[in-house]
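Colleague: Following this message is one structure expressed as structure tokens.
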Amino acid sequence: MKLYLIRHGISTANLQRRYAGVWDVDLAPEAFDALEELKNQGIYPSIEGKALYTSGMRRTEQTFKAIFGDVEHEVLHEFKEMNFGVFEKSCYDELEGDEAYMQWAMDTTGEFCCPQGESKRMVFDRVMSAIQMLKADGRDAIVVCHGAVTAILLSYLFGDGNGTNYFDYLPLQGRGYCIDFSPNSITYEKIG
7 MKLYLIRHGI STANLQRRYA GVWDVDLAPE AFDALEELKN QGIYPSIEGK ALYTSGMRRT
67 EQTFKAIFGD VEHEVLHEFK EMNFGVFEKS CYDELEGDEA YMQWAMDTTG EFCCPQGESK
127 RMVFDRVMSA IQMLKADGRD AIVVCHGAVT AILLSYLFGD GNGTNYFDYL PLQGRGYCID
187 FSPNSITYEK IG
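With our numbering applied, the sequence shown has no gaps in its numbers, which climb one by one up to 198 at the end.
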């Protein structure tokens, strides 16, 4: 089974460099032209015969429609963005001296939770539960989802195994990865 993970286009929160996990923000106006350009470059997979999903958040719904049009799809809530808890709507400059933020940012175990939010391990576990369901379905799948979700998943599967190097796998907006869950191996390649 192949799983195509596409990060949503640039959001209003991305432009302000603010954490937006459960904060349901829209795409920025310039996102639509950027997504159209990527679409015209042919970076996205064909939807033919594939299971189609979003996380259900506005920015993923808007991205899905911009790329694939008004096509029927389902929502997989397990692919929602990481819950950044009390860090939601804040940017690094505002959090730089916060002790809990620094503990979370410097965590090398993947187990430290954002206060009132999630740890990287919690995100990985919920996404893997959805992937098991997708694998059982047997069809290749396209999921329009989020940066941290994608990066955490890949860092656990292909990186250090605890999510600490997830920035190495953070896709740019509108781009992502194809993960191939073959019977004997798991590999990935970039989309875009």
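The beta carbon of each residue, even a glycine, is placed where N, CA and C say it ideally should be. All values derive from a computational prediction rather than experimental measurement.
Check for me: the beta strand (DSSP E) holding Y194 runs from which residue to which?
Modeller: Per DSSP, Y194 belongs to the beta strand (DSSP E) from 192-197.
Colleague: Pick out the complete alpha helix (DSSP H) segments inside the stretch 17-96, 4 residues or longer, and give them in chain order.
Modeller: Counting whole runs of 4 or more residues, the stretch 17-96 contains the alpha helix (DSSP H) stretches 18-21, 37-46, 64-74.
Colleague: Near T156, which residues of its chain fall below 8 Å by C-beta distance, leaving aside the five closest residues on each side in sequence?
Modeller: Contacts found: L11, R13, Y175, L176, P177, G182, Y183.
Colleague: Thinking C97 and Q22 are a contact (beta carbons under 8 Å), I'd like their distance in whole angstroms, please.
Modeller: Correct: roughly 7 Å between the Cβ atoms.
Colleague: Looking only at C-alpha atoms, which of M112, N168, T60, A40 sits nearest to F77?
Modeller: Strictly speaking, residue 77 in this sequence is Val, with Phe absent from that position. The candidate whose alpha carbon is nearest that of V77 is T60.
Colleague: Below 8 Å on the Cβ atoms is my contact criterion, and I expect C151 with F85 to pass it. Report the Cβ-Cβ distance as a whole number of Å.
Modeller: About 4 Å separates the two Cβ atoms, so the contact holds.
Colleague: Rounded to the nearest angstrom, what separates E102 and S161 at their Cα positions?
Modeller: For E102 and S161, the distance between alpha carbons rounds to 24 Å.
Colleague: Curious, which full-length beta strand (DSSP E) runs of at least 3 residues does the stretch 151-178 contain?
Modeller: You should have found no qualifying run.
Colleague: Checking the sheet assignment: what are the DSSP bridge partners for V149?
Modeller: Answer is L11, Y59.
Colleague: According to the Cβ coordinates, are G27 and G123 closer than 9 Å?
Modeller: Yes. Within cutoff.
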